[in-house]
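K.L.:
Here it is, the structure, as structure tokens.
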Amino acid sequence: MGRSACLEFLLFLLLLQTNSFGANAAASSCPHCEDSCCSLDIQLYKQLRVDVNCSQPDHAVIVVDTETTSDAANHRDDPTCNETSLIYDYGCLTDLPVNICDFPSIRAVRLLYNNLTTFPRLTCLHRLLVLDLRYNAITQVPEGAFHGLPELREVYLDFNVITSIHPDAFDPHVTELKIFTIANNLLTVVNPWLFLLSYEFCEFDFSNNHIKDLSNEHHRNINMSVNYGPGFVDFSYNNVTALPTNEFMKFGIKTMNDMLKFFLWGFDFRHNPFHCDCQMYDLLGYFDNLTLFVRADILNVTCGSPPKFKDVPFNKVPLDELVCNVTENCPSSCTCTKRPYYQDLLVNCTYKRLPTLPDDTPEGSLTMNMIQNAITRLDWQHYLKRVVHLNLTDNHLRDIDWQAALALRNVRTLDLRGNDLHHVPSTLQVVSPNALYLDTHTLRCTCDLEWFPAWARYYVGDNIRKVTGASLLS
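For the sequence shown, position 46 (counting from the first letter as 1) is numbered 135 according to this note's numbering, and the numbering increases by one without interruption.
Right, here's the structure in full:
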């Protein structure tokens with residue numbers, strides 16, 4: 090995929106605010122929305138009255154009084170305005186009124202600042218449009234919580250103590266849900282299938298939780314032939330430390346082309362403690378380019394760690410310092426560092442007095458820093474074909490095995506200065522003259538070096554041209 094396509098993908102990934110999602114449309118005389126992102130004004134519905142004794146809050150009932158009946162009669166020719174809502178704020182309810190299923194046409198339920206601890210059963214309210222249970226003490230959203238609610242449009246669960254949402258909380262055939270907010274709860278993981286809807290929605294707000302990971306309990310893969318969304322998903326003020334695109338690998342997305350399915354989506358990942366290391370290299374590498382297309386305040390994303398990058402904006406992080414320590418197969422006397430900027434893995438074994446090259450290394454293209462050790466012979470190792478830079482300066486090197494030289498065919502710099510080399514094998518010809526660094530007074534001019542001047546003849550760099558042996562043989 091071309092660079093422009095990559096930029097487009099990252100532009101979508103980092104659209105941290107959007108004007109097309111989240112707008113509130115002005116309410117009409119009755120609750121109605123032309124805009125898919127407006128919120129219904131449920132105060133315009135006729136409100137049902139709740140009778141509750143706070144000494145027995147789980148025995149509350151809805152009372153049909155004369156006023157409600159009279160209003161319904163006056164508006165029987167206006168079916169929209171004749172609809173009802175249940176609004177009971179700042180109360181002591183611990184559950185829905187016991188007779189709520191006697192009112193299956195309720196369009197909205199709002200129970201702000203009550204004492205609900207478990208999610209109420211709603212399946213009998215098959216015409217429900219809006220559910221608002223903010224400021225309660227609900228702990229979980231269970232399986233089937235929203236089943237049987239085909240018209241459900243808005244759900245507000247903010248400011249509870251919710252720790253989990255069951256992956257089957259929603260009916261898989263939901264088609265009307267536009268707004269789902271569950272901010273300021275205790276979520277630590279989220280299953281994206283909650284918002285991977287096959288139609289356009291307005292917003293899923295997971296902000297101000299403790300989310301650090303995505304889950305996929307049913308191991309479902311994204312279907313590349315299905316269009317999802319678009320919509321706006323808010324993950325701001327959470328504990329996300331890793332690059333979100335890595336998480337989507339769990340869902341069958343493997344390439345940047347796959348991610349382009351979400352080009353029109355918006356995601357807000359600001360105010361998360363991103364750990365800015367090698368895993369963030371690709372994203373941060375394009376960040377400066379994104380500022381050409383997106384306002385600077387929209388891209389106000391900063392690193393949370395390591396300490397040297399704390400609160401540093403993404404576009405100010407030096408790319409060559411985005412590294413990761415690697416421990417697997419790293420020699421015990423050395424340090425190993427993945428460096429995407431240099432497209433290599435640095436194995437640093439300087440000043441360790443090692444008598445030989447390490448027996449093993451991590452995977453990847455290798456830069457090996459072996460300065461000031463005690464290596465007298467460069468022997469073949471299975472990983473030498475992966476070495477791109479090898480620095481053996483200031484050892485006691487006297488000999489190079491011909492197989493080792495042959496294995497170094499991919500090396501771009503081979504520094505052998507500060508050693509006791511008098512001879513190099515002819516198999517070293519696989520190395521470019523541009524890559525080899527030798528002392529000027531080291532090689533002994535014997536017939537075994539007849540290949541050397543022909544190999545170096547058309548190269549004028551000082552690293553070869555001033556080698557004494559080569560000058561004498563030419």
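C-beta atoms are modelled at their ideal positions from N, C-alpha and C, and glycine is treated no differently.
Which runs of the beta strand (DSSP E), 3 residues or longer, sit entirely within the stretch 332-378?
P.N.:
355-357
K.L.:
With 16 other CB atoms within 10 Å as the buried threshold, where does M313 fall?
P.N.:
exposed
K.L.:
Pick from F351, L275 and L373: whose alpha carbon is nearest that of Y288?
P.N.:
Selected option, being the one with the closest Cα: F351.
K.L.:
In chain order, what residues of the same chain lie with their CB nearer than 7 Å to the CB of T482, ignoring the 5 residues before and after it?
P.N.:
I460, D504, R506 and G507
K.L.:
According to DSSP, is R242 helix, strand or coil?
P.N.:
coil
K.L.:
Report the residue ranges of all beta strand (DSSP E) runs contained in full by the stretch 435-494; include only those spanning at least 3 residues, in chain order.
P.N.:
Here the runs fully enclosed are 455-458 and 476-480.
K.L.:
Do you know whose CA, among D147, V152 and R196, lies nearest L133's CA?
P.N.:
Distances from the CA of L133 to each of D147, V152 and R196 were compared; the closest alpha carbon is that of R196.
K.L.:
By the three-class DSSP mapping on this structure, what secondary structure does N312 have?
P.N.:
Look at N312 here: in three-state DSSP terms it is coil, with no helix or strand label.
K.L.:
Quick one: using the 10 Å Cβ neighbour count with 16 as the cut-off for buried, is S325 buried or exposed?
P.N.:
buried
K.L.:
Below 8 Å CB to CB, which residues in the same chain sit around T183 once its five sequence neighbours on both sides are set aside?
P.N.:
Within the same chain, P146, D147, N203, N204, L205 and T206 come within 8 Å of T183 by CB-CB distance, once the 5 residues on both sides are set aside.
K.L.:
Specify the secondary structure class of N499 as computed by DSSP and reduced to three states.
P.N.:
In this structure, DSSP gives N499 a helical state, which the three-state scheme calls helix.
K.L.:
Between which two residues does the beta strand (DSSP E) containing A197 stretch?
P.N.:
A197 to R199
K.L.:
Could you check if S159 is buried or exposed, using at least 16 other CB atoms within 10 Å of its CB as the buried criterion?
P.N.:
The pLDDT assigned to S159 is 44, lower than 50, so where the model puts this residue is not dependable, and the model offers no usable value.
K.L.:
In the DSSP assignment, find the beta strand (DSSP E) that holds F541 and state where it starts and stops.
P.N.:
Looking at the DSSP string, F541 is not in any beta strand (DSSP E); the run it does join, the alpha helix (DSSP H), is W540 to A545.
K.L.:
Assuming the contact rule is C-beta atoms closer than 8 Å, N249 and N280 should be a hit. Round their C-beta distance to whole Å, please.
P.N.:
In fact, because the Cβ distance is near 18 Å, the residues do not count as touching under 8 Å.
K.L.:
Can you tell me whether N414 is helix, strand or coil according to DSSP?
P.N.:
strand
K.L.:
Does the Cβ of D130 lie closer than 8 Å to at least one heavy atom of the ligand GTP?
P.N.:
Absence of the ligand GTP from the depicted structure is noted, as is the absence of any ligand whatsoever, leaving it without description.
K.L.:
Spell out a yes or no on whether the stretch 177-191 and the stretch 236-243 are touching, meaning 3 or more CB-CB pairs, one atom from each, closer than 8 Å.
P.N.:
no
K.L.:
Under the DSSP definition of a beta bridge, which residues are partnered with E292?
P.N.:
I268 and F321
K.L.:
From this set, C392, I311 and G318, which residue's C-alpha is nearest Q343's C-alpha?
P.N.:
Per the sequence shown, residue 343 should be read as Lys rather than Gln. Shortest Cα-Cα distance from K343 to any of C392, I311 and G318 involves I311.
K.L.:
Who are the Cβ neighbours of N297 in its own chain at under 6 Å, not counting the five residues just before and after it?
P.N.:
A272, N273 and Y326
K.L.:
Nearest to V220 by CA position, among S515, D323, K267 and T228, is which residue?
P.N.:
In the sequence on display, residue 220 carries Leu and not Val. Here the closest residue by C-alpha is K267.
K.L.:
For N523, which option in R498, D178 and P514 has the closest C-alpha, if you only look at C-alpha atoms?
P.N.:
The closest CA to that of N523, considering only R498, D178 and P514, is found on R498.
K.L.:
Could you give the DSSP three-state label for P168: helix, strand or coil?
P.N.:
For P168, the predicted model reports a pLDDT of 48, less than 50, meaning its position is unreliable and no value from the coordinates is stated.
K.L.:
Could you pull out every residue in the same chain whose Cβ sits closer than 7 Å to the Cβ of T445, ignoring the five residues on either side in sequence?
P.N.:
I464 and D468
K.L.:
Spatial neighbours of P168 within its chain, please: C-beta separation below 8 Å, excluding the five flanking residues on both sides.
P.N.:
Residue confidence is low: P168 scores 48 on pLDDT, short of 50, so the model does not pin down where it sits. Its coordinate-derived value is still stated next. Same-chain partners within the cutoff: there are none.
K.L.:
Would A514 and I553 qualify as a contact pair, given that the criterion is a beta-carbon distance under 9 Å?
P.N.:
The sequence given here has Pro at residue 514, not Ala. Using a Cβ distance threshold of 9 Å, P514 and I553 do not count as a contacting pair.
K.L.:
With 16 as the cutoff for other CB atoms within 10 Å, does C536 come out buried or exposed?
P.N.:
exposed
K.L.:
Tell me which residue opens and which closes the beta strand (DSSP E) that G393 is part of.
P.N.:
C392 to S394
K.L.:
From what residue to what residue does the beta strand (DSSP E) around S174 run?
P.N.:
T173 to I176
K.L.:
By alpha-carbon positions, which one of P193, D191, R138 and N142 ends up nearest to L175?
P.N.:
R138
K.L.:
Just how far apart, CA to CA, sit E123 and L285?
P.N.:
23 Å
K.L.:
Less than 9 Å between the beta carbons of T173 and Q229, yes or no?
P.N.:
no
K.L.:
Applying the 10 Å Cβ sphere with the 16-neighbour rule, what's the burial state of A234?
P.N.:
buried
K.L.:
Measuring alpha carbon to alpha carbon, tell me which residue in R359, V415 and A493 is nearest V390.
P.N.:
R359
K.L.:
Drop a sphere of 10 angstroms on the beta-carbon of D323, count the other beta-carbons inside from all chains shown, and report buried for 16 or more, exposed for fewer.
P.N.:
buried
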